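**Q** Chains as they are written, first to last, in this note's numbering: chain A, 21 to 136; chain B, 79 to 191.
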Amino acid sequence: DTAVSQTPKYLVTQMGNDKSIKCEQNLGHDTMYWYKQDSKKFLKIMFSYNNKELIINETVPNRFSPKSPDKAHLNLHINSLELGDSAVYFCASSQGRQRSGANVLTFGAGSRLTVL
Amino acid sequence: QQQVKQSPQSLIVQKGGISIINCAYENTAFDYFPWYQQFPGKGPALLIAIRPDVSEKKEGRFTISFNKSAKQFSLHIMDSQPGDSATYFCAASISSGTYKYIFGTGTRLKVLA
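1) Closer than 6 Å: is that where the CB of B:PRO112 sits relative to any heavy atom of the ligand FMN?
2) Taking DSSP as the reference, what is the three-state secondary structure of B:THR165?
3) State yes or no: is the beta carbon of A:ILE41 nearer than 7 Å to at least one beta carbon in chain B?
4) Determine which residues of the segment 103–129 of chain B have a Cβ less than 9 Å from any Cβ of chain A, and write them out in chain order.
5) Rounding to the nearest angstrom, what Cα-Cα distance links A:VAL137 and A:ASP58 in this structure?
6) So does the segment 164–175 of chain B actually touch the segment 40–51 of chain A, counting three or more Cβ pairs closer than 8 Å?
7) Quick one: what's got a C-beta closer than 6 Å to A:HIS97's C-beta in the same chain, skipping five residues either side?
8) Give me the residue from B:SER97, B:TYR103, B:LYS93, B:SER88 with the minimum Cα distance to B:GLN150.
9) With three or more C-beta pairs closer than 8 Å as the rule, is the segment 158–166 of chain B touching the segment 115–122 of chain B?
10) Strictly below 8 Å CB to CB, what residues from chain A border B:LYS178?
11) For A:GLY128, tell me which candidate among A:PHE110, A:THR134, A:GLU102, A:LEU136 has the shortest Cα-Cα distance.
12) Helix, strand or coil, according to DSSP, for B:PRO160 in the structure here?
13) Among all the DSSP beta bridges, which residues are the ones paired with A:VAL124?
14) Check each residue of the segment 129–159 of chain B: if its Cβ is closer than 8 Å to any Cβ of chain A, include it; give the result in chain order.
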C-alpha cells in the first residue's frame, strides 16, 4: 500500500511532445505538491494544491499545467517538452498544519523524465 | 531572504565516525526546520525536525543542533553506518504560511565500511 504513488516511474520522450505524470495519495491528506529535482539534486517546488485549490504556483513555464480532480489526485501535464525539462518530478502530500504547527511532507518515489 | 544554504556538498566519513551537515537561513520568519533523507531512486523522507524554541533535538543517532541567533542549524549523525549513505536535505518553512518548504541544496553522504 504505497502512500504516495506516481506513474510512470520512467518517461523517455522526444522534444516537442506532450506528456503527463499522475499522482495519487491514500493518506487522506488535504495538500499535494509537485517538486522538480534536477541533475544536481536541487529540489524546487513547482505547484501546490489544497483541497483542489491552487495555493502555490512558482515561476514555472506555462507549458506546465497541474490538475487536481480531487484531493487525492494531482496530475502534471507538460506541453512542448524541452531538453531542460529533463529531471525527476516528485509528488508529495501533507496533512497541513498539525497540532505542532508542522507540515510534514510525504514524497512519492519520483518520475524520471528524459527529453531527447 | 528565501534561501537555505547547505554545506558541504558531499561528505565521506568512516564507519563509526560523526557526520555533520550545516545549514544557514536568512528569513527569521521560518519556524520549522526538518531534515530529509533521500536514498537513490527514492523520494526524500522526513528524518528529524526541530522548531526554534529548542536548541537541540535527538532521535537515536541523529541530532539537530539549532542556533537561533546565528540562524544556523546542523545535523549530526553519530556512529555513522554504511546504511546512512544517502543525500540529506535541510529545509525551512513558515507554519502560518502556504505550506511552502525551502530546501537546501543537499549533501551526499558516503559512509565507508
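A virtual CB, placed ideally from N, CA and C, is assigned to each residue, including glycine.
Quick caveat, the model's predicted, so the values are computed rather than measured.
**A** Straight from the coordinates:
1) This structure lacks the ligand FMN; in fact it carries no ligand of any kind.
2) The DSSP-derived three-state label of B:THR165 is strand.
3) With 7 Å as the cut-off, A:ILE41 does not count as an interface residue toward chain B.
4) From the segment 103–129 of chain B, only ASP109, TYR110, PRO112, TYR114, GLN116, GLY119, LYS120, GLY121, PRO122, ALA123, LEU124, ALA127, ARG129 have a Cβ closer than 9 Å to chain A.
5) A query on residue 137 of chain A cannot be resolved here, the shown segment of chain A reaching from 21 to 136 and no further.
6) Output reads no: the segment 40–51 of chain A does not touch the segment 164–175 of chain B.
7) In chain order, SER40, SER85 place their CB closer than 6 Å to the CB of A:HIS97, counting only its own chain and leaving out the 5 sequence neighbours on each side.
8) Shortest Cα-Cα distance from B:GLN150 to any of B:SER97, B:TYR103, B:LYS93, B:SER88 involves B:TYR103.
9) Flag = yes, the segment 115–122 of chain B and the segment 158–166 of chain B touch.
10) Residues of chain A with a Cβ closer than 8 Å to the Cβ of B:LYS178 are, in chain order, ILE65, SER68, ILE76.
11) A:PHE110 is the residue among A:PHE110, A:THR134, A:GLU102, A:LEU136 whose C-alpha sits nearest the C-alpha of A:GLY128.
12) Three-state result, B:PRO160: helix.
13) A:VAL124 pairs with nothing; no bridge assigned.
14) Those residues of the segment 129–159 of chain B that come within reach of chain A (Cβ to Cβ, closer than 8 Å) are ARG129.
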